[in-house]
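If you read the sequence shown in numbering that gives the first Met the number 0, its first letter stands for residue 0, the second for the next number, and so on.
Using N, Cα and C, we set each Cβ at its ideal position, and we do this for glycine too.
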Amino acid sequence: MMSKKLEVYAGPCVIEDESLTLSIANTLREVLKPFEKDVDFYFKASFDKANRTSIHSFRGPGLEEGLRILEKAKNEFDLKLVTDFHHPDQANSLKDVVDVLQIPAFLCRQTDMIIEGAKSAKAKNRTLNIKKGQFLSPEETENIVTKAKNFLTNDKIRLTERGSSFGYNNLIVDMGSFMIMKSFGVKTLFDATHSLQRPGGNKTFTAGKREQMMVLSKAAISAGADGLFFETHPDPQNAKSDPATCMDLKHVKKYLETIVPLYIINLNLLESLDE
């Protein structure tokens, strides 16, 4: 039986260095403690941002060093982890450390990525989260789920909505996508920060609409999302990746104080309608 807790995947976009990553992990652990009864928290951070707009953009420490830092955060603060991989052969390296293996949106149709991610997740009873591509309809994600189900049961598969391309340099979120994707028997999450992007909007880096984060998050929870993915940083304007969209770390508590009660209300309402 699937847990009814709100799943929260939160952390910095990229591992900038060990000290900052551990500091953010510890802060989030403390912020999330009052919500433990209703929230299932996973610390997220990427070891490599392989799809940066510019060749000059910071990518991260790489697989080996990145996993070392993530494992240190896991052990030191007793955290569950989520991170993404960009090549099929990386999945096997993640399974001993990471609790949720994640496939980036641009790679969501790559069969080898899904198969290797699902096989590695199954080997260690992990979960596979696939982000829906900006080019894909929610109906088409059934094919993604079908591929993953060759190795995983529904409770070990997640789909994440992160917006759809709307002309050039813009994304919109179809709130109807959550119920469509849930109809395939898996949990869905809302990527509350990447959905705010204006891809390539500043030519060599991605712009964004951070001010829309709260309203879109509330809409997504009301529309049936089972969890939230968001990136956060203590100094967003100087973050080495996605400075235009990541949440200021000091605002996470207030954000959750709004979202978690809404999730509980919505969950109770949906359960009453099913009776």
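Cβ neighbours of residue i in the same chain (closer than 7 Å, five flanking residues each side left out)
| i | result |
| --- | --- |
| D98 | Y41, K79, L80, V81, R125 and T126 |
| F134 | S164 |
| A122 | K94 |
| K3 | L266 |
| F105 | N50 and G132 |
| A191 | M212, L215, S216, L227, F228 and F229 |
| T20 | P11, I14, A44, I68 and A72 |
Residue nearest to residue i in terms of C-alpha spacing, selected from the options
| i | options | result |
| --- | --- | --- |
| T110 | S92, S119 and P87 | P87 |
| L170 | F177, L195 and L69 | L195 |
| G61 | D39, S92, T52 and D77 | S92 |
| K94 | N50, A120 and G162 | A120 |
| F183 | K131, A122 and N142 | N142 |
| M1 | Y167, A243, F105 and D154 | D154 |
| L268 | F229, G226 and S221 | S221 |
| F229 | Y262, D77, E160 and L106 | E160 |
| S22 | Q211, T145 and P233 | P233 |
| G162 | N25, R197, K181 and N149 | R197 |
| K252 | E6, S56 and T26 | T26 |
| D16 | E6, K71 and K36 | K71 |
| I114 | E138, Y254, A147 and Q89 | A147 |
| V172 | D47, S136 and K32 | S136 |
Local Cβ density within 10 Å of residue i, reported as buried at 16 or more and exposed below that
| i | result |
| --- | --- |
| A117 | buried |
| P260 | exposed |
| H193 | buried |
| M178 | exposed |
| P235 | buried |
| Y167 | exposed |
| I264 | exposed |
| D77 | exposed |
| G175 | exposed |
| V257 | The sequence as given places Thr at residue 257; Val does not occur at that position. That one is exposed. |
| N237 | exposed |
| L272 | exposed |
| E6 | buried |
Sequence-distant residues of the same chain with beta carbon closer than 6 Å to residue i, five excluded per side
| i | result |
| --- | --- |
| A219 | F189 |
Rounded Cβ spacing between residue i and residue j (contact assumed at less than 8 Å)
| i | j | result |
| --- | --- | --- |
| T231 | L215 | Rounded, the Cβ-Cβ distance is 16 Å, inconsistent with contact. |
| S187 | D241 | Reading off the sequence, residue 187 comes out as Thr, not Ser. In fact, because the Cβ distance is near 22 Å, the residues do not count as touching under 8 Å. |
| L158 | M180 | 5 Å |
Short CB-CB distance (under 8 Å) between residue i and chain B
| i | result |
| --- | --- |
| Q236 | The structure shown contains no chain B; it holds only a single protein chain. |
message: Does the contact criterion of 3 or more C-beta pairs under 8 Å hold for the stretch 34-49 versus the stretch 7-15?
response: Yes, they touch.
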